[in-house]
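>
There are 2 protein chains.
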Amino acid sequence: MINGHGNDIHLYEGQIVADFSSNVVPYGMHPLLANFLSSQIIIARNYPEPDAVSLSKKIANFYGIPKESVVITNGSAEAFYLVAHLFSGCSSTIVVPSFAEYEDASRIHKHTQLFIDNVDFAKKSNFDTNLVWLGNPNNPDGRHFDADYIENLCKLNPNTYFVVDEAYTGLSSEDCSAINKVSNCENLILIRSLTKVFAIPGLRLGYIVASPTICEKIKSLKMPWSVNSIAIAAGSFIIDNYNLLVPNIEELLQLSRNLQRQLKTVEGIDVIDSPTNYFLVKSHKGKSSDLKSFLISNYGLLVRDASNFRGLNSSYIRIAAQQESYNSILVEGIKQWITTQS
Amino acid sequence: MINGHGNDIHLYEGQIVADFSSNVVPYGMHPLLANFLSSQIIIARNYPEPDAVSLSKKIANFYGIPKESVVITNGSAEAFYLVAHLFSGCSSTIVVPSFAEYEDASRIHKHTQLFIDNVDFAKKSNFDTNLVWLGNPNNPDGRHFDADYIENLCKLNPNTYFVVDEAYTGLSSEDCSAINKVSNCENLILIRSLTKVFAIPGLRLGYIVASPTICEKIKSLKMPWSVNSIAIAAGSFIIDNYNLLVPNIEELLQLSRNLQRQLKTVEGIDVIDSPTNYFLVKSHKGKSSDLKSFLISNYGLLVRDASNFRGLNSSYIRIAAQQESYNSILVEGIKQWITTQS
Numbered sequence: 000m001i002n003g004h005g006n007d008i009h010l011y012e013g014q015i016v017a018d019f020s021s022n023v024v025p026y027g028m029h030p031l032l033a034n035f036l037s038s039q040i041i042i043a044r045n046y047p048e049p050d051a052v053s054l055s056k057k058i059a060n061f062y063g064i065p066k067e068s069v070v071i072t073n074g075s076a077e078a079f080y081l082v083a084h085l086f087s088g089c090s091s092t093i094v095v096p097s098f099a100e101y102e103d104a105s106r107i108h109k110h111t112q113l114f115i116d117n118v119d120f121a122k123k124s125n126f127d128t129n130l131v132w133l134g135n136p137n138n139p140d141g142r143h144f145d146a147d148y149i150e151n152l153c154k155l156n157p158n159t160y161f162v163v164d165e166a167y168t169g170l171s172s173e174d175c176s177a178i179n180k181v182s183n184c185e186n187l188i189l190i191r192s193l194t195k196v197f198a199i200p201g202l203r204l205g206y207i208v209a210s211p212t213i214c215e216k217i218k219s220l221k222m223p224w225s226v227n228s229i230a231i232a233a234g235s236f237i238i239d240n241y242n243l244l245v246p247n248i249e250e251l252l253q254l255s256r257n258l259q260r261q262l263k264t265v266e267g268i269d270v271i272d273s274p275t276n277y278f279l280v281k282s283h284k285g286k287s288s289d290l291k292s293f294l295i296s297n298y299g300l301l302v303r304d305a306s307n308f309r310g311l312n313s314s315y316i317r318i319a320a321q322q323e324s325y326n327s328i329l330v331e332g333i334k335q336w337i338t339t340q341s
Numbered sequence: 000m001i002n003g004h005g006n007d008i009h010l011y012e013g014q015i016v017a018d019f020s021s022n023v024v025p026y027g028m029h030p031l032l033a034n035f036l037s038s039q040i041i042i043a044r045n046y047p048e049p050d051a052v053s054l055s056k057k058i059a060n061f062y063g064i065p066k067e068s069v070v071i072t073n074g075s076a077e078a079f080y081l082v083a084h085l086f087s088g089c090s091s092t093i094v095v096p097s098f099a100e101y102e103d104a105s106r107i108h109k110h111t112q113l114f115i116d117n118v119d120f121a122k123k124s125n126f127d128t129n130l131v132w133l134g135n136p137n138n139p140d141g142r143h144f145d146a147d148y149i150e151n152l153c154k155l156n157p158n159t160y161f162v163v164d165e166a167y168t169g170l171s172s173e174d175c176s177a178i179n180k181v182s183n184c185e186n187l188i189l190i191r192s193l194t195k196v197f198a199i200p201g202l203r204l205g206y207i208v209a210s211p212t213i214c215e216k217i218k219s220l221k222m223p224w225s226v227n228s229i230a231i232a233a234g235s236f237i238i239d240n241y242n243l244l245v246p247n248i249e250e251l252l253q254l255s256r257n258l259q260r261q262l263k264t265v266e267g268i269d270v271i272d273s274p275t276n277y278f279l280v281k282s283h284k285g286k287s288s289d290l291k292s293f294l295i296s297n298y299g300l301l302v303r304d305a306s307n308f309r310g311l312n313s314s315y316i317r318i319a320a321q322q323e324s325y326n327s328i329l330v331e332g333i334k335q336w337i338t339t340q341s
C-alpha cells in the first residue's frame, strides 16, 4: 500500500475547512440515506451475505445486464486486487498517471509491468500484454475515451484484457461508460463504484462488471463476507431510490468548470482541462508539498499533492471543486503562494 | 468460497425464531454501541484510515503488546487470506474439523495441504510443513490447548509458523489465548476478533497479532481501506468502554453447559463436550440436513448443518446456546426428530 493517497483528512483533524483533496462529491451523504443507515446498524449483529448476491442482482437489474456479470467488492480496491490475483504472474500495461492501486495490486501479484503515458496510449492501438489498466475518466487528470473507443480496443486486441476503472463515470460531463459493451467484449473488465457520487467511501462498496466466465473465476478467489452489512444495505437503498438520492452533478461540474476557468487566469500555473469534478494544476515554481502545507496553514484548505502519481512530479496538485465560496478562497490562496515563490 | 457457512439466516428470512447456527453471542449488540454507531454513520462520507492504524495502537495498548505487532483486518477472513498469501506456494498442515477458511485461503494461494485430525494432532509434536493452522478454542468442536502448549509447539518447531485462530478465545471457560507468547515466539501468528463477543460480525473486524517482522510483510500485501469507517469506530468504542460493553459471558457459558447436559439425556445422539458457547452433536440416525430442515419447519429454530466440515459427516450438527426458553424447545425438537427416524 502506498502512502499519500488522496483522502488523508484524518491526518489534519480540526485544521481543515474545505477538502479539495478528495474526489468524492462535496455535498455529503444524503440525509435520507444517513437516516436509513442509522436505523439499520442493528443488522450488523448478523454476518452479511457471504457474496452480497442480493445487491449483485439489484445492480444487474438496474443496468439491464445479467446478474452473473456483477461481483460486489469491498470498494474498488478489492476489485483491483482480485483482478490482479486472477492474472497472477501475467504482464500488465498501466496507463499513467493513474490511481496507484493498479500498480500496487499488479506488483503484489507479480505481474510484469509496463508503463505508458496518456499521450502514447492515445496513439497506440495494439497491445501485447495480458492486461491493460486504465481509468475512464481517469484519475487524476480527467482524460477519457468514449465507449466505442474502448470496444474497438477490445476487438483489436482479443488476447488482452482491458481493466477499465469507471469509478468516476458518474462525475463527468462526458458519458464514457462502456457498461453496455461488456456483453459484446469477453476481454473487458469494468471496475465501478457507488461511493463517489453518493459520498459513502467510508463504507467500502464497489463492483466488477465483466463476462460471467471472468466473474465466476474472480468469485472463486474472493474471500467470503468482504462487503459489510451496512455497505450492502446502503447499496440496496441507493439503487431503490436512485433518482431521489443522486446529488446535482451538473451543478458540481459547473463549479469545476468555473474553478478551472478562474485558475487559468492565475499567472505561474497551468490547468489541465477535465470534464470531471477534479483536475490537475501544474505550478511553474515551487513544490506541491509546500503549496499543500501553505494552503492548510493559511486557509484550512486541503489539496492533493499529486507528486506521487507515477508520471507526474512535484509541480502537480489535484483539486476537486467544492462550494463556490471555498473555490474563491482557493484561487486567492494559490495566487498568494505563487507570489511567495521566487 | 464454500457454500453453507454457519450464519445463513438471511436465507430463511421471517422463518427463524432462534438462531443456534451462529457462534456469535445471542444478546445482540449493546444498546450503547448501537446508539454510538448510529450517530457515527456520517463519518462514512470520508475514506477510512488506509490501515486503521489508530485502532492498531488502541488494541496494542489494551493488551500491552507493541503496536507493530497488530494488523487490523476486514474480519478474520482477510487475516487468513493475507497469511495464506504471504506463504503462497508453501506447505500447510490443517487441523480438522475446523473453520473452512483455513483450507480455502491456503488452497487459493496454492499451498500443499495436509489434513490431520484432532486426535492425531494432540499426539504429535513435530511438524515439517511451513505452516500449521488451528483454531483455539476450535470451531466447531471447542477443542483447546493452553498457551504453554502452543508456545512449546513453536519452540519445538522453529521452522514452522503456527497460525492460531483465537476468534473464540473470549467465549470459552478455558483461558487458552497465547497473546502473551507472541513476543517470545517469532513463528506464532494469532488471528483474533472482536465481533463474536460484541455481536458485530456484520461490520467485519478482525486483527492479526504476530511479530513486527511478520506484520510488516503482511502489511506490504494488504490492500488499503479494507476495514470500513464504521468498523474502526466500533472497535475504538469497544476498547474505550470494554468493561461497560462486554456481555455476561459466564452466564452464556452456563447456558451452554446446561444445554449440553440436557442433550446428553436424549437417546440416539452424542454431545461432544465443549468449554465454549457452541458444541457438536452427533446423531446415530438420519441426516443433519434433514434435522436442520425439521427444526426450521416445526420450531423456527436454525442449527448449523456441520456435514461440510472436513472430517465430519452428515451425522453432525453444531449448536450455539441461546436463551434458556429456546434451549428447551431445541431439546424437545431434537427428541421429536429422533423419534421420526427409523
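Heads up: the protein sequence lines correspond to chains S and F, in order.
Under numbering that gives the first Met the number 0, the first sequence has 302 at position 303, and the numbering climbs by one with no breaks.
Under numbering that gives the first Met the number 0, the second sequence has 175 at position 176, and the numbering climbs by one with no breaks.
Using N, Cα and C, we set each Cβ at its ideal position, and we do this for glycine too.
#1: Between S:L311, S:P211, S:D50, which lies nearest to S:L187 when the distance is taken from Cα to Cα?
#2: Starting from F:S313, find everything on chain S with Cβ-Cβ shorter than 7 Å and list it in chain order.
#3: Identify whether S:A104 lies in helix, strand or coil by the three-state DSSP scheme.
#4: Report the rounded CA-to-CA distance for S:G13 versus S:F98, giving the unit in angstroms.
#5: Could you work out which residues of chain F lie near S:F80, taking near to mean beta carbons separated by less than 7 Å?
#6: Compare the C-beta of S:P200 with all C-beta atoms of chain F and state if any pair is closer than 8 Å.
#7: Among F:S235, F:E185, F:P25, which has the Cα closest to the Cα of F:Y206?
#8: In whole angstroms, what separates the C-alpha of S:R142 from that of S:P136?
#9: If you compare alpha carbons, which of F:G201, F:V162, F:K334, F:H283 is closest to F:Y315?
#10: On the criterion of 16 or more Cβ atoms from any shown chain inside 10 Å, does S:L290 qualify as buried, or is it exposed?
#11: Could you tell me if S:R309 is buried or exposed, where buried requires 16 or more neighbouring beta carbons within 10 angstroms of its beta carbon?
#12: Roughly how many whole angstroms lie between the Cα atoms of S:A232 and S:I190?
#13: Can a CB atom of chain S be found closer than 8 Å to the CB of F:P47?
#14: Taking Cβ-Cβ distances shorter than 7 Å, what residues in chain S pair up with F:E102?
#15: What is the DSSP secondary structure of F:D147, counted as helix, strand or coil?
#16: Taking the alpha carbon of F:K154 as the point to measure from, which residue in F:D174, F:D145, F:S124 has its own alpha carbon closest?
#17: What does S:L36 reach in chain F if we use C-beta pairs closer than 7 Å?
#18: Determine, using beta carbons only, whether S:A181 and S:V208 come nearer to each other than 8 Å.
#19: Leaving aside the five residues before and after S:D127 along the sequence, list all residues of the same chain whose C-beta is less than 7 Å from its C-beta, in chain order.
#20: Given a threshold of 16 other Cβ atoms within 10 Å of its Cβ, counted over all protein chains shown, does S:Q39 qualify as buried or as exposed?
#21: In chain order, what residues of the segment 119-138 of chain S put their CB closer than 9 Å to some CB of chain F?
#22: Please work out which residues of its chain come closer than 7 Å, Cβ to Cβ, to F:L252, disregarding the five sequence neighbours upstream and downstream, and give them in chain order.
#23: Taking the runs of the beta strand (DSSP E) that are 3 residues or longer, which of them lie wholly in the segment 86-139 of chain F?
#24: As a quick exercise: from F:L81, F:D304, F:I238, pick the residue whose alpha carbon is nearest that of F:G285.
#25: Taking only beta carbons into account, state which residues of the segment 59-74 of chain S come closer than 8 Å to chain F, listed in chain order.
#26: Alpha carbon to alpha carbon, how far is F:L279 from F:I41? Give it in angstroms, no decimals.
#27: Taking 8 Å as the cut-off, does the segment 110-119 of chain F touch the segment 238-257 of chain F (at least 3 CB pairs, one atom from each stretch)?
#28: Indicate the three-state DSSP secondary structure (helix, strand or coil) for S:K281 in the structure shown.
#29: Which first and last residues belong to the alpha helix (DSSP H) in which S:F35 is found?
#30: Measuring alpha carbon to alpha carbon, tell me which of S:H84, S:Y46, S:D119 ends up nearest S:E102.
#31: Can you tell me which residues form a DSSP beta bridge with S:Y206?
#32: Alpha carbon to alpha carbon, how far is F:I93 from F:E331? Give it in angstroms, no decimals.
#33: Name the two residues that bound the continuous alpha helix (DSSP H) containing S:D289.
#34: Between F:K122 and the rest of its own chain, which residues show a CB-CB distance below 7 Å, the 5 nearest in sequence each way excluded?
#35: Taking beta-carbon pairs under 7 Å, can you tell me which members of the segment 240-260 of chain F lie near chain S?
#36: Quick check: the Cα distance between F:L79 and F:S219, rounded to an integer number of angstroms?
Let me spell this out:
#1: For the purposes of this step, residue 187 of chain S is taken as the residue at position 188 of the first sequence. Considering only alpha carbons, the answer is S:P211.
#2: Mapped onto the second sequence, residue 313 of chain F falls at position 314. Chain S residues near F:S313: none, gap ~22 Å exceeds 7 Å.
#3: As a working mapping, residue 104 of chain S is identified with position 105 in the first sequence. Residue state for S:A104 is assigned as helix, using DSSP reduced to three classes.
#4: For the purposes of this step, residue 13 of chain S is taken as the residue at position 14 of the first sequence. For the purposes of this step, residue 98 of chain S is taken as the residue at position 99 of the first sequence. Spanning the two alpha carbons is a distance of roughly 27 Å.
#5: One-based indexing of the first sequence puts residue 80 of chain S at position 81. Correcting the residue identity first, residue 80 of chain S is Tyr in this sequence and not Phe. Under the 7 Å cutoff, chain F gives M222.
#6: Position 201 of the first sequence, counting from 1, holds the residue named residue 200 of chain S. For S:P200, the answer is yes, since a Cβ of chain F falls inside 8 Å of its Cβ.
#7: Within the second sequence, the letter at position 207 stands for residue 206 of chain F. For the residues F:S235, F:E185, F:P25, the minimum Cα distance to F:Y206 belongs to F:S235.
#8: Mapped onto the first sequence, residue 142 of chain S falls at position 143. Mapped onto the first sequence, residue 136 of chain S falls at position 137. A direct Cα-Cα distance of roughly 6 Å separates S:R142 from S:P136.
#9: In the second sequence, counting from the first residue as 1, residue 315 of chain F sits at position 316. Of the candidates F:G201, F:V162, F:K334, F:H283, the one whose C-alpha sits nearest the C-alpha of F:Y315 is F:H283.
#10: For the purposes of this step, residue 290 of chain S is taken as the residue at position 291 of the first sequence. Result: buried.
#11: As a working mapping, residue 309 of chain S is identified with position 310 in the first sequence. Label assigned to S:R309: exposed.
#12: What you label residue 232 of chain S is simply residue 233 of the first sequence in a count that begins at 1. What you label residue 190 of chain S is simply residue 191 of the first sequence in a count that begins at 1. S:A232 and S:I190: Cα-Cα distance of roughly 20 Å.
#13: The residue labelled residue 47 of chain F in the question sits at position 48 within the second sequence. By this cut-off, F:P47 is an interface position.
#14: Indexing the second sequence from 1 puts residue 102 of chain F at position 103. Correct list: empty, because the minimum Cβ distance to chain S is about 13 Å.
#15: Indexing the second sequence from 1 puts residue 147 of chain F at position 148. Of the three classes helix, strand and coil, the one that applies to F:D147 here is helix, per DSSP.
#16: Mapped onto the second sequence, residue 154 of chain F falls at position 155. F:K154 has its Cα closest to that of F:S124, out of F:D174, F:D145, F:S124.
#17: Numbered from its first residue, the first sequence carries residue 36 of chain S at position 37. Within 7 Å Cβ-Cβ: I40.
#18: Residue numbering aside, residue 181 of chain S sits at position 182 when the first sequence is read from its first letter. Residue numbering aside, residue 208 of chain S sits at position 209 when the first sequence is read from its first letter. In the sequence as presented, Ala is not what sits at residue 181 of chain S; that position holds Val. It is a contact, given that the beta carbons lie within the stated cut-off.
#19: Taking the first residue of the first sequence as 1, we reach residue 127 of chain S at position 128. No residues qualify anywhere along the chain.
#20: Within the first sequence, residue 39 of chain S is the residue found at index 40, counting from 1. Burial call: buried.
#21: Interface annotation for the segment 119-138 of chain S against chain F: empty, criterion Cβ-Cβ distance under 9 Å.
#22: As a first step, residue 252 of chain F must be located in the second sequence, where it is residue number 253. Once the five neighbours on either side are set aside, the close Cβ partners of F:L252 are S172, N276.
#23: Counting whole runs of 3 or more residues, the segment 86-139 of chain F contains the beta strand (DSSP E) stretches 90-95, 111-116, 130-134.
#24: Within the second sequence, residue 285 of chain F is the residue found at index 286, counting from 1. Looking at the Cα atoms, F:D304 is the closest of the given residues.
#25: For the segment 59-74 of chain S, which is checked against every Cβ of chain F, the residues closer than 8 Å are N73, G74.
#26: For the purposes of this step, residue 41 of chain F is taken as residue 42 along the second sequence, with counting starting at 1. For the purposes of this step, residue 279 of chain F is taken as residue 280 along the second sequence, with counting starting at 1. Whole-angstrom Cα-Cα distance: 42 Å.
#27: Fewer than three beta-carbon pairs drawn from the segment 238-257 of chain F and the segment 110-119 of chain F are found closer than 8 Å, and the two stretches are therefore not classed as touching.
#28: Looking up residue 281 of chain S in the first sequence gives position 282. In the structure shown, S:K281 sits in a strand (DSSP, three-state: E or B).
#29: Sequence index remark: in the first sequence, residue 35 of chain S carries index 36 (1-based). In the DSSP assignment, S:F35 falls within the alpha helix (DSSP H) that extends over 30-39.
#30: Position 103 of the first sequence, counted from the start, is the residue given in the question as residue 102 of chain S. Ranking S:H84, S:Y46, S:D119 by Cα distance to S:E102 puts S:H84 first.
#31: Position 207 of the first sequence, counted from the start, is the residue given in the question as residue 206 of chain S. Beta-bridge pairing links S:Y206 to S:I71, S:R191.
#32: Sequence index remark: in the second sequence, residue 331 of chain F carries index 332 (1-based). Sequence index remark: in the second sequence, residue 93 of chain F carries index 94 (1-based). Each residue's alpha carbon lies about 36 Å from the other.
#33: Mapped onto the first sequence, residue 289 of chain S falls at position 290. For S:D289, the enclosing alpha helix (DSSP H) has its first and last residue at 287-298.
#34: For the purposes of this step, residue 122 of chain F is identified with residue 123 of the second sequence, where counting begins at 1. Contacts found: none.
#35: Per Cβ criterion, the list is empty.
#36: In the second sequence, counting from the first residue as 1, residue 79 of chain F sits at position 80. In the second sequence, counting from the first residue as 1, residue 219 of chain F sits at position 220. Looking at the sequence itself, residue 79 of chain F is Phe, so the reference to Leu does not match. If you take the alpha carbons of F:F79 and F:S219, they lie about 15 Å apart.
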